[in-house]
Amino acid sequence: MAQEIEIPERFPTAGDVTGKRVVITGASRGLGRVLAHAFSQAGARVVLMARDEAQLKEVAGELPGPALVCSGDVADEGFNESVADSTVAEWGGVDVWICNAGISPVVASPLKVDPGVWREVLEVNLTGAFLGARAAARVMSEGGRLIFTGSVLGDRPSQGLSAYCASKAGLVGLAKALALDLARSGITVNVVAPGWFDSPLAEGWKSNPKLADRILDHTAQRRWGSAGDLAGAYLFLASDAAAFVTGTVLTLDGGYLLV
Ligand SMILES: NC(=O)c1ccc[n+]([C@@H]2O[C@H](COP(=O)([O-])OP(=O)(O)OC[C@H]3O[C@@H](n4cnc5c(N)ncnc54)[C@H](OP(=O)(O)O)[C@@H]3O)[C@@H](O)[C@H]2O)c1
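Here is the structure:
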């Protein structure tokens, strides 16, 4: 008879991040601010990263638990390394690093996009995630979690967004490659790919009735994502229950990719 699987005394609870030290980039507004609230409410200690220090301090002031504010550019290697060092100095280590900062400054055909804009989008959305992951992996001596905010547009592109779509598709490749490279260090690397969420970034689409209709026509649930729709995936991936989940994409899109 085949041997039975050993049953643990206690299964890890999905989404339990109590006491974890969690770095969140792009935490000054939008989805990153939502994640800051979700992790703080769940008992994590959070490090808030973005460029606008005043805005970060405001978010820190809203949270129920401890928060560090680190203002700077995610595309700056030295800044990422200094955030890792400051978190270690303050709390003794880093458990989770969420590379969420992202930009989408223009909608235009590739012939009209200034190559400088292409470079900027790739620098922030893709290189920023690589630099964050690199800084995090250096200090995650007991394993950890890297989570990238991708997008459904990395899977199915939208017109006029070549740089953004390429950066988000690139994040999936990066996550898989890093998942392989870091597997033996106990570090998991995954992507959360949101569909359309109501945030400052999406304002240009939401406030344009034609574009907003097109998005809802394409979303099986016919609604925009909300704060409550977002956090569970990140909390799960950050928790001990997700120790065997690596190199995957978890899509949160109300069925956008189905339609
Ligand atoms: N909203 C959606 O529907 C949606 C859907 C799919 C994916 N996403 C992705 O979700 C992430 C967050 O988007 P969002 O909707 O929350 O956008 P958002 O409201 O515009 O917020 C973007 C955040 O990134 C920060 N940021 C931008 N450039 C930065 C840089 N160079 N260095 C450090 N921080 C930087 C911004 O803060 P500062 O300006 O202060 O630096 C801000 O906190 C992005 O990666 C986006 O691509 C969003």
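Going by this note's numbering, 108 is the number at position 71 of the sequence shown; the sequence numbering is gapless.
Note that CB positions come from ideal geometry on N, CA and C, so glycine has one too.
Small disclaimer: the values here were computed from a predicted structure and weren't measured.
Residue 162 sits away from residue 213, with the two beta carbons spaced by 9 Å or more. When secondary structure is reduced to three states using DSSP, residue 182 falls in the strand class. Nearest C-alpha to residue 273 among 50, 215, 285 and 290: 50.
Per the DSSP secondary-structure output, residue 136 pairs in a beta bridge with 185. Per the DSSP secondary-structure output, residue 82 pairs in a beta bridge with 58. Minimum Cα-Cα distance from residue 67 among the listed residues 102, 235 and 285 corresponds to 235. The straight-line gap separating the alpha-carbon atoms of residue 92 and residue 84 is approximately 14 Å. One alpha carbon belongs to residue 81, the other to residue 100, and they sit about 11 Å apart.
With a threshold of 8 Å, the Cβ atom of residue 201 counts as near ligand 1, since some heavy atom of the ligand is closer than that. Per DSSP, the continuous beta strand (DSSP E) segment holding residue 226 begins and ends at 224 to 231.
In this structure, DSSP gives residue 239 a helical state, which the three-state scheme calls helix. The nearest non-hydrogen atom of ligand 1 is 8 Å or more from the C-beta of residue 177.
In chain order, 189, 232, 255 and 256 place their CB closer than 6 Å to the CB of residue 293, counting only its own chain and leaving out the 5 sequence neighbours on each side.
With respect to residue 48, residue 275 sits apart: the two C-beta atoms are not nearer than 9 Å.
Judged by DSSP secondary structure, residue 287 falls within the beta strand (DSSP E) whose first and last residues are 286 to 289. Ranked by Cα distance from residue 201, the options 218, 152 and 249 are led by 152. Residue 173 holds the alpha-carbon nearest to the alpha-carbon of residue 183 among 173, 192 and 191. Around the CB of residue 149, fewer than 16 other CB atoms lie within 10 Å, so the residue is classed as exposed. Contact between residue 72 and residue 140 fails: their C-beta atoms lie close to 17 Å from each other, not under 8 Å. Following the DSSP letters along the chain, one finds residue 108 inside the beta strand (DSSP E) bounded by residues 104 to 108. By the criterion of a C-beta distance shorter than 6 Å, residue 287 is surrounded in its chain by 229 and 270, once the five residues flanking it on both sides are discounted.
Boundaries of the alpha helix (DSSP H) around residue 218: 199 to 219. Residue 65 counts as buried, since at least 16 other C-beta atoms from the protein chains shown sit within 10 angstroms of its C-beta.
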